[in-house]
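This report concerns only the one structure given below.
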Amino acid sequence: MQRLKERLIWLTVYAVAMAYLESAVVVYLRAIYYPAGFGFPLALIEPGMSAIEIGREAATLVMLLGVAMVMSEDRWERFLFFCLSFGVWDTFYYVWLWVFLDWPPSLLTWDILFLIPIPWIGPVLAPLIISVALIIGSLLLLRLRHRGIQLRFPTWSWVLAVSGGGIVLSSFMLDFRTVLAQVEPPPFRWWLFALGVMCGITALTCGVSRLPNTTTSERP
Numbered sequence: 026m027q028r029l030k031e032r033l034i035w036l037t038v039y040a041v042a043m044a045y046l047e048s049a050v051v052v053y054l055r056a057i058y059y060p061a062g063f064g065f066p067l068a069l070i071e072p073g074m075s076a077i078e079i080g081r082e083a084a085t086l087v088m089l090l091g092v093a094m095v096m097s098e099d100r101w102e103r104f105l106f107f108c109l110s111f112g113v114w115d116t117f118y119y120v121w122l123w124v125f126l127d128w129p130p131s132l133l134t135w136d137i138l139f140l141i142p143i144p145w146i147g148p149v150l151a152p153l154i155i156s157v158a159l160i161i162g163s164l165l166l167l168r169l170r171h172r173g174i175q176l177r178f179p180t181w182s183w184v185l186a187v188s189g190g191g192i193v194l195s196s197f198m199l200d201f202r203t204v205l206a207q208v209e210p211p212p213f214r215w216w217l218f219a220l221g222v223m224c225g226i227t228a229l230t231c232g233v234s235r236l237p238n239t240t241t242s243e244r245p
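The sequence shown begins at 26 in the numbering used here and counts up one residue at a time.
Below, the structure written as structure tokens:
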């Protein structure tokens, strides 16, 4: 368990540092494309720069995945370490933006969240909710794993979790055309987002409650 704590500390430090780097790049981009301040309607980036930005986002995911892959040889742990680092990275991305730019002024301020495969948009509060859920869920399952509990979830739990993730992503992507049209987005579909989040929470809580009592030896 002590070794797990050490790995968690260093993974958190890495994710926070990556968030600093990510937010610093966004500070530069906003200085170029939004000199009067960031907001909707969004300014369109030329194709060459847009391709570089999409590549940067993909590289960020590869870097988070790469660290998770070398932290353990266990597939479950690799997955959970990735989820944890993603949640910490995304949370501190907004923390650093607030430190650098005093932005966002409100958790309900809209932001462009991601560009792969199409633009994702939504209030800042929405991705923060997902990030906090990823952090809590991954820490819970890592703790169970290192207590020797075998993580075996029924098929319905996986289907519900994946469906919830798809619903959440759809709430971010349904209005991507407003980015291309350079118009104000419609009101965020909180009901759809909440439905996806509840599916994920239900899948986790019900799945954990039905975990087998059989255990393996505790990991170092």
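Beta carbons are placed, not taken as given, at the ideal position from N, Cα and C, and that holds for glycine.
Rounded C-alpha distance that separates residue i from residue j
| i | j | result |
| --- | --- | --- |
| Phe63 | Ile137 | 10 Å |
| Glu31 | Leu132 | 32 Å |
| Glu82 | Arg168 | 30 Å |
| Pro152 | Ser234 | 26 Å |
| Leu69 | Gln207 | 8 Å |
| Tyr45 | Leu122 | 8 Å |
Among the options, nearest to residue i - alpha-carbon criterion
| i | options | result |
| --- | --- | --- |
| Ser110 | Leu220, Met43, Trp123, Trp145 | Met43 |
| Ile174 | Thr37, Met88, Glu102 | Glu102 |
| Glu47 | His171, Thr85, Arg28, Leu185 | Thr85 |
| Leu126 | Phe106, Pro60, Met94, Glu71 | Pro60 |
Cβ neighbour criterion (16 or more within 10 Å) applied to residue i
| i | result |
| --- | --- |
| Val38 | exposed |
| Val204 | buried |
| Arg170 | buried |
| Gly225 | buried |
Where the alpha helix (DSSP H) through residue i begins and ends
| i | result |
| --- | --- |
| Phe197 | 180-198 |
| Ile137 | Looking at the DSSP string, Ile137 is not in any alpha helix (DSSP H); the run it does join, the beta strand (DSSP E), is 135-139. |
| Ile79 | 72-95 |
| Ala68 | Per DSSP, Ala68 belongs to no alpha helix (DSSP H) and is neither H nor E. |
Span of the beta strand (DSSP E), counted from its first residue to its last, around residue i
| i | result |
| --- | --- |
| Trp145 | 145-148 |
Cβ pair residue i, residue j closer than 8 Å
| i | j | result |
| --- | --- | --- |
| Ala141 | Met198 | According to the sequence as given, residue 141 is Ile; it is not Ala. Cβ distance not < 8 Å, so Ile141 and Met198 don't count as in contact. |
| Ser163 | Cys108 | yes |
| Phe106 | Leu36 | yes |
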